[in-house]
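Peer 1: Take a look at this one; I'll ask things after.
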Amino acid sequence: MTNTKKFLAAAAAVVAAGTVGVVAAHAAAPAEAAGAAPKAAVATDPAGGDLNRSTHLSVAAALKAARASLEAAGKEGQKVSVAVVDRNGNTLVTLRGDGAGPQSYVSAEKKAFTAVSWNAPTSVLVGRLSQTPNLKDIPGTLFLPGGAPVQVGGAPVAAVGVAGAPSGDLDEKFARAGVAALGKAAE
Numbered sequence: 001m002t003n004t005k006k007f008l009a010a011a012a013a014v015v016a017a018g019t020v021g022v023v024a025a026h027a028a029a030p031a032e033a034a035g036a037a038p039k040a041a042v043a044t045d046p047a048g049g050d051l052n053r054s055t056h057l058s059v060a061a062a063l064k065a066a067r068a069s070l071e072a073a074g075k076e077g078q079k080v081s082v083a084v085v086d087r088n089g090n091t092l093v094t095l096r097g098d099g100a101g102p103q104s105y106v107s108a109e110k111k112a113f114t115a116v117s118w119n120a121p122t123s124v125l126v127g128r129l130s131q132t133p134n135l136k137d138i139p140g141t142l143f144l145p146g147g148a149p150v151q152v153g154g155a156p157v158a159a160v161g162v163a164g165a166p167s168g169d170l171d172e173k174f175a176r177a178g179v180a181a182l183g184k185a186a187e
């Protein structure tokens with residue numbers, strides 16, 4: 001059976017089982033499959049600036065932050081949604097609290113995306129709209145209080161966004177509770 005047929009059979013088995021997951025396959029070049037040495041990799045010089053390192057929040061840490069935000073909101077009787085995004089603005093975790101409005105889910109993600117994009121709380125960014133009103137036209141952003149960046153050494157590594165409380169100040173208070181739950185990782 002060829003590698004392609006093996007992959008297709010494995011993929012079909014996953015789909016047939018109704019499992020949601022990731023299937024990975026490695027198709028070796030014919031020479032490598034026969035046991036020949038692989039071709040040399042392209043040489044890069046990490047010290048020469050060819051590679052960058054970045055710090056990303058783990059899913060476990062993102063979940064911890066989201067739960068802390070939901071708990072803080074719950075203690076005040078608020079029904080909110082929480083989103084945590086990574087350094088690139090990709091959603092890691094989104095939790096919609098019991099009774100949170102349908103719009104809060106998307107708003108929380110956009111607030112988190114906005115906070116990490118500018119490495120600033122969204123309440124601060126709202127003030128910048130008076131100087132540059134077209135900022136609000138950038139896709140995926142929402143310039144309302146409720147987003148707080150997670151920083152390490154002053155650089156953004158993630159952000160927490162909260163939406164659904166009756167005021168942006170409350171949303172942001174709960175977002176900051178999520179950041180605070182990360183402890184020393186969030187300076």
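Taking the UniProt record's numbering, the leading residue of the sequence shown gets 1, the next gets one more, and so forth.
Yeah, the Cβ is synthetic: ideal placement off N, Cα and C, and Gly gets one too.
On a predicted model such as this, the values are computed, not experimentally measured, just so you know.
What do you reckon, are the CB atoms on VAL152 and ALA65 nearer than 9 Å?
Peer 2: As a position in the sequence shown, residue 152 is number 152, starting the count at 1. As a position in the sequence shown, residue 65 is number 65, starting the count at 1. No. Outside cutoff.
Peer 1: Ignoring anything shorter than 3 residues, give me the beta strand (DSSP E) runs that lie fully in the region 105-186, in order along the chain.
Peer 2: If we require 3 residues or more, the beta strand (DSSP E) runs fully inside the region 105-186 come out as 147-152 and 155-163.
Peer 1: Taking only three categories from DSSP, how would you classify ARG96?
Peer 2: Your numbering for residue 96 matches position 96 in the sequence shown. Three-state result, ARG96: strand.
Peer 1: Please classify THR132 as buried or exposed, where buried requires at least 16 neighbouring CB atoms within 10 angstroms.
Peer 2: In the sequence shown, the residue the question calls residue 132 occupies position 132. Under this definition THR132 is an exposed residue.
Peer 1: Can you tell me whether SER167 is buried or exposed? The criterion is at least 16 other CB atoms within 10 Å of its CB, across all chains shown.
Peer 2: By 1-based counting over the sequence shown, the position of residue 167 is 167. By the 10 Å Cβ count, SER167 comes out exposed.
Peer 1: Please tell me whether ALA163 and SER104 are closer than 9 Å, where the distance is taken between their beta carbons.
Peer 2: Start at 1 with the first residue of the sequence shown, and residue 163 comes out as number 163. Start at 1 with the first residue of the sequence shown, and residue 104 comes out as number 104. In this structure, SER104 lies closer than 9 Å to ALA163 by Cβ.
Peer 1: In angstroms, rounded to a whole number, what distance separates the CA positions of GLY127 and LEU144?
Peer 2: Indexing the sequence shown from 1 puts residue 127 at position 127. Indexing the sequence shown from 1 puts residue 144 at position 144. Approximately 10 Å between the Cα atoms of the pair.
Peer 1: Which of the three DSSP states is assigned to VAL85 in this structure?
Peer 2: The residue labelled residue 85 in the question sits at position 85 within the sequence shown. Strand at VAL85.
Peer 1: Between ALA100 and THR122, is the Cβ-Cβ spacing less than 9 Å?
Peer 2: Residue 100 sits at position 100 when you count from the first residue of the sequence shown. Residue 122 sits at position 122 when you count from the first residue of the sequence shown. Going by C-beta atoms, ALA100 is not nearer than 9 Å to THR122.
Peer 1: Of the choices ASP50, SER107, LEU63 and ALA181, whose alpha-carbon is the least far from that of ASP86?
Peer 2: In the sequence shown, counting from the first residue as 1, residue 86 sits at position 86. For ASP86, the nearest C-alpha among the options comes from LEU63.
Peer 1: Rounded to the nearest angstrom, how far is the Cβ of ALA177 from that of VAL84, given a contact under 8 Å?
Peer 2: What you label residue 177 is simply residue 177 of the sequence shown in a count that begins at 1. What you label residue 84 is simply residue 84 of the sequence shown in a count that begins at 1. With 8 Å as the limit, ALA177 and VAL84 do not qualify as a contact, their Cβ atoms being about 13 Å apart.
Peer 1: Could you tell me if ALA155 is buried or exposed, where buried requires 16 or more neighbouring beta carbons within 10 angstroms of its beta carbon?
Peer 2: Counted from its first residue, the sequence shown places residue 155 at position 155. ALA155 is exposed by the Cβ-count criterion.
Peer 1: Name the residue from GLY89, ASN90 and LEU95 whose alpha carbon lies nearest to the alpha carbon of GLY74.
Peer 2: In the sequence shown, the residue the question calls residue 74 occupies position 74. Answer by Cα proximity: LEU95.
Peer 1: Please list, in chain order, all residues of the same chain as ALA72 whose beta carbon is under 6 Å from its beta carbon, the five residues on each side excluded.
Peer 2: Sequence index remark: in the sequence shown, residue 72 carries index 72 (1-based). For ALA72, where only same-chain residues beyond five positions count, the Cβ hits under 6 Å are PHE174 and ALA177.
Peer 1: Hey, could you find the ends of the alpha helix (DSSP H) ARG53 is sitting in?
Peer 2: Along the sequence shown, read from residue 1 onward, the residue named residue 53 stands at position 53. No alpha helix (DSSP H) contains ARG53, which DSSP labels as neither H nor E.
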